[in-house]
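J.:
There are 2 protein chains.
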Amino acid sequence: MNMLSSDDRLPLYQRLRDELAQQIANNRWRAGEAIPTEAALSVEYSLSVGTVRKAIDMLVSERILERQQGRGTFIRRPQFQSSLFRFFRFMTPDGERHVPESRILSKEPLPAPAEVAKALGLLPADPVIRLLRLRLIDSVPVLVEEIWLPREPFKAILDFDLNAEGPLLYPLYEDLCGQVVASADETLTAESVSEVHARLLRVPAGAPVVVIERLARNYAGQPIEWRRSWGHASHFRYSVEIR
Amino acid sequence: MNMLSSDDRLPLYQRLRDELAQQIANNRWRAGEAIPTEAALSVEYSLSVGTVRKAIDMLVSERILERQQGRGTFIRRPQFQSSLFRFFRFMTPDGERHVPESRILSKEPLPAPAEVAKALGLLPADPVIRLLRLRLIDSVPVLVEEIWLPREPFKAILDFDLNAEGPLLYPLYEDLCGQVVASADETLTAESVSEVHARLLRVPAGAPVVVIERLARNYAGQPIEWRRSWGHASHFRYSVEIR
DNA sequence: GAGTGGTCTAGACCACTCA
DNA sequence: GAGTGGTCTAGACCACTCA
């Protein structure tokens with residue numbers, strides 16, 4: 001039997017949700033692992049199963065947990081690749097979707113510019129790492145990415161040949177640096193392409209490009225990566241439903 | 244006491260949700276009105292209150308209903324104005340948000356072009372109405388809108404001076420034509436401004452503009468308006484959270 | 001104070017998974 | 001067949017609204 005610590009004016013299901021979220025952030029379970037069964041949690045916290053279910057329902061709708069009937073309730077492994085596809089439609093002539101190839105153009109340790117420091121919650125000139133990266137489909141450039149990482153937790157990246165790996169960085173962050181991306185905020189804008197990006201993307205000067213700023217966070221909500229991506233507007237399509 | 248009609252292999256809360264959604268689409272209650280209490284529904288359909296609550300929970304999370312503790316559960320009145328602000332930040336110098344003014348530039352009965360017919364679920368050349376509209380803030384144009392309506396349900400609009408009214412069309416659709424917009428799908432893209440729009444928006448030739456296509460539907464899910472809006476990219480900013 | 005939705009319990013039975 | 005989440009019930013009590 002266990003106690004719920006948080007504010008006792010809150011409903012029990014809310015307090016249990018907060019307690020579980022805290023334990024998830026503290027890595028009590030790893031991504032893909034099952035949390036205890038509803039029955040076990042109801043004994044552990046002396047709550048009815050209905051109340052436990054309601055707490056879990058909240059975490060499921062927040063996409064932190066995932067239920068599988070007959071098997072258990074699991075820590076959700078975020079699927080960031082699909083999010084990229086929400087914004088950019090990278091289609092090959094045969095109409096299939098591919099993860100774009102990745103080519104790291106540069107990798108440097110730098111002092112954080114003011115804007116980067118602010119996004120990552122650092123002080124200006126704190127040590128960071130900057131990656132410049134090109135994404136291609138069938139060797140045609142579709143996206144330029146500028147990626148900023150706090151240097152200390154990610155220093156293993158400096159001694160590693162990123163181009164030897166697959167196109168996805170987040171699995172690498174996890175394997176190489178123990179940093180797990182759990183959520184992200186993205187902001188979309190559009191602008192005219194800059195000279196540098198026009199050359200890299202092979203688009204005419206002044207062409208419209210879409211800009212995506214992404215701040216990625218770990219389970220504790222701390223920023224661990226800030227990236228800005230530019231892609232030609234013709235590759236871009238985003239849909240929402242409004243109620 | 245009442246019977247649930249739909250597929251009896253579905254859970255009861257799901258069938259009640261479908262039954263209530265159907266009645267809402269059929270205008271059993273008007274926007275802003277209360278549906279029967281949970282206790283009344285549980286008697287009417289011979290279900291426990293818990294099951295009724297779960298059906299209502301679904302409709303609340305779909306933003307069709309709205310709960311107010313101590314008062315009742317109400318048909319939600321959609322707030323489309325706020326959705327426009329999600330995409331475009333129209334800020335006056337004092338930093339406040341305003342509903343942009345509206346100037347109807349033209350209003351014509353036309354046969355539906357193929358693309359419009361397809362979006363509205365009509366046949367090509369079926370009768371429609373086309374509005375061209377400019378949105379302004381402090382008399383500065385910020386958005387051009389092309390609006391297509393099926394002619395029959397909206398014919399009252401043809402004899403009405405739209406510029407005599409406020410900047411919002413949806414309340415007008417309701418008052419004048421009995422057409423209620425309940426939801427919408429929006430698609431965002433970006434492109435270089437066309438010659439016509441450059442003049443209307445007073446932006447340089449080739450400037451990047453964001454394009455929003457919106458298909459608006461009534462409670463039964465039938466398309467009742469298709470519109471396309473163009474705005475200068477510098478007014479555009481859209482944020483999402485990814486889990 | 002009557003009526004509403006909100007929280008919480010205890011427990012029955014069902015559907016699915018996996019050895 | 002043991003163990004998991006999924007559905008459903010009946011009912012107690014609380015918090016809020018409104019005349």
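Taken in sequence, the protein lines are chains A and B.
Its first residue numbered 1, the first sequence is counted upward by one per residue in the numbering used here.
Its first residue numbered 244, the second sequence is counted upward by one per residue in the numbering used here.
For each residue, glycine too, the CB sits at the ideal point set by N, CA and C.
Since we're looking at a predicted model, the values are computed, not measured.
1. Would you mind telling me which residues of chain B sit closer than 9 Å to Arg237 (chain A), beta carbon to beta carbon, in chain order?
2. Identify the contact partners of Val196 (chain A) in chain B, using a Cβ-Cβ distance below 9 Å as the criterion.
3. Considering just the uninterrupted stretch of the beta strand (DSSP E) at Gln68 (chain A), what are its terminal residues?
4. Pop quiz: Pro410 (chain B) and Arg394 (chain B) are said to be a contact at Cβ under 8 Å. What is the actual Cβ separation, rounded to whole angstroms?
5. At the 9 Å Cβ level, is Ser382 (chain B) part of the contact set with chain A, yes or no?
6. Helix, strand or coil for Arg460 (chain B)? Go by DSSP, reduced to three states.
7. Please name the residue, chosen from A:Glu62, A:Thr37, A:Ile137, A:Glu146, that lies closest to Val116 (chain A) on a Cα-to-Cα basis.
8. Name the residue from B:Gln311, B:Pro254, B:Pro414 whose alpha carbon lies nearest to the alpha carbon of Pro279 (chain B).
9. Using a Cβ-Cβ cutoff of 7 Å, what residues of the region 140 to 151 of chain A are near chain B? List them in chain order.
10. Under a three-way DSSP split, which group does Arg471 (chain B) fall into?
11. For a contact meaning CB atoms closer than 9 Å, what does Ser487 (chain B) contact in chain A?
12. Relative to the alpha-carbon of Pro451 (chain B), which residue among B:Ala407, B:Ser435, B:Thr294, B:Ser291 has its alpha-carbon at the smallest distance?
13. Compare the beta carbon distance of Ala425 (chain B) and Trp391 (chain B) with 9 Å and say whether it is the shorter of the two.
14. My output table needs one value for Asp381 (chain B): the three-state DSSP class, helix, strand or coil.
15. Apart from the five residues just before and just after Ile347 (chain B), which ones in its own chain have a Cβ nearer than 7 Å to its Cβ?
16. Ends of the beta strand (DSSP E) at Val300 (chain A)?
17. With DSSP as the reference, identify every bridge partner of Ala164 (chain A), one or two as the case may be.
18. Going by C-alpha distance, which of B:Leu386, B:Glu344, B:Ala282, B:Gln322 is nearest Pro414 (chain B)?
19. I need the DSSP call for Leu348 (chain B), collapsed to helix, strand or coil.
20. Write down every uninterrupted run of the alpha helix (DSSP H) in the region 188 to 216 of chain A whose length is 4 residues or greater and which is fully enclosed by it, in chain order.
21. Thinking C-alpha only, which one of A:Glu225, A:Val210, A:Val211 is nearest Arg217 (chain A)?
22. In terms of residue numbering, what span does the beta strand (DSSP E) encompassing Ile400 (chain B) cover?
23. Val295 (chain B) and Leu259 (chain B) - do their beta-carbons sit closer together than 9 Å?
24. Curious, which full-length beta strand (DSSP E) runs of at least 3 residues does the region 19 to 77 of chain A contain?
25. Mind checking whether the beta-carbon of Gly421 (chain B) lies closer than 8 Å to any heavy atom of the ligand PLP?
26. What is the rounded straight-line gap between the Cα of Ala476 (chain B) and the Cα of Met58 (chain A)?
27. With distance defined between alpha-carbon atoms, name the residue in A:Ser48, A:Val180, A:Val144 nearest to Glu101 (chain A).
28. Counting only beta-carbon atoms, is Pro343 (chain B) nearer than 9 Å to chain A?
29. Under a Cβ-count criterion, where at least 16 other Cβ atoms within 10 Å of its own Cβ denotes burial, should Gly231 (chain A) be classed as buried or exposed?
30. Restricting to Cα atoms, I'd like to know which of B:Val483, B:Glu281, B:Pro254 is closest to Gly313 (chain B).
31. With Tyr219 (chain A) and Ala25 (chain A) assumed to form a contact (beta carbons below 8 Å), what rounded beta-carbon distance in angstroms separates them?
32. Return helix, strand or coil for Val423 (chain B), following the three-state DSSP convention.
33. Under DSSP, the alpha helix (DSSP H) around Leu363 (chain B) begins and ends at which residues?
34. Quick one: Cα of Pro93 (chain A) to Cα of Asp138 (chain A), how far?
35. Is Gly121 (chain A) closer than 9 Å to Gln22 (chain A) when the C-beta atoms are compared?
T.: In brief:
1. The answer, in chain order, is Thr430, Leu431, Thr432.
2. Within chain B, no C-beta atom comes less than 9 Å from the C-beta of Val196 (chain A); the nearest is roughly 17 Å away.
3. Its beta strand (DSSP E) spans residues 65 to 68.
4. So it is not a contact: roughly 23 Å between Cβ atoms.
5. So, not an interface residue.
6. Here Arg460 (chain B) sits in strand by DSSP.
7. Checking every option, the nearest Cα to that of Val116 (chain A) belongs to A:Glu146.
8. Taking each of B:Gln311, B:Pro254, B:Pro414 in turn and checking the Cα distance to Pro279 (chain B), the smallest one comes out for B:Gln311.
9. For the region 140 to 151 of chain A, which is checked against every Cβ of chain B, not one residue is closer than 7 Å.
10. Here Arg471 (chain B) sits in strand by DSSP.
11. Because chain B is modelled from 244 through 486, residue 487 (chain B) falls outside the range shown and cannot be assessed.
12. When B:Ala407, B:Ser435, B:Thr294, B:Ser291 are compared, the shortest CA-CA separation from Pro451 (chain B) is found for B:Ser435.
13. The Cβ atoms of Ala425 (chain B) and Trp391 (chain B) do not sit closer than 9 Å to each other.
14. It is coil, neither helix nor strand.
15. Closer than 7 Å at Cβ, skipping near neighbours: Leu374, Arg376, Leu405, Asn406.
16. In the structure displayed, chain A extends from 1 to 243; residue 300 (chain A) sits before or after that span and is not available.
17. When DSSP reads this structure, Ala164 (chain A) sits in no beta bridge, so it has no partner.
18. A check of alpha carbon separations from Pro414 (chain B) across B:Leu386, B:Glu344, B:Ala282, B:Gln322 identifies B:Gln322 as the nearest.
19. Looking at Leu348 (chain B) - three-state DSSP - the assignment turns out to be strand.
20. Complete alpha helix (DSSP H) runs here, min 4: 195 to 201.
21. For the options A:Glu225, A:Val210, A:Val211, the alpha carbon positioned closest to that of Arg217 (chain A) is the one of A:Glu225.
22. Element bounds for Ile400 (chain B): n/a, residue is neither H nor E.
23. Going by C-beta atoms, Leu259 (chain B) is nearer than 9 Å to Val295 (chain B).
24. You should have 65 to 68, 72 to 75.
25. With respect to small molecules bound, the structure shown includes none, and the ligand PLP cannot be examined in it.
26. Whole-angstrom Cα-Cα distance: 37 Å.
27. Ranked by Cα distance from Glu101 (chain A), the first of A:Ser48, A:Val180, A:Val144 is A:Val144.
28. At a cut-off of 9 Å between beta-carbon atoms, Pro343 (chain B) makes no contact with chain A.
29. Counting the other Cβ atoms within 10 Å of the Cβ of Gly231 (chain A) gives 16 or more, which makes it buried.
30. Taking only the C-alpha atoms, the option nearest Gly313 (chain B) is B:Glu281.
31. So it is a contact: roughly 4 Å between Cβ atoms.
32. If DSSP states are grouped into helix, strand and coil, Val423 (chain B) belongs with coil.
33. That run of the alpha helix (DSSP H) goes 357 to 363.
34. At Pro93 (chain A) the pLDDT is 48, less than 50, meaning the model places this residue with poor confidence; the figure from the coordinates comes in the next sentence. When the Cα atoms are used, Pro93 (chain A) and Asp138 (chain A) turn out to be separated by approximately 10 Å.
35. No.
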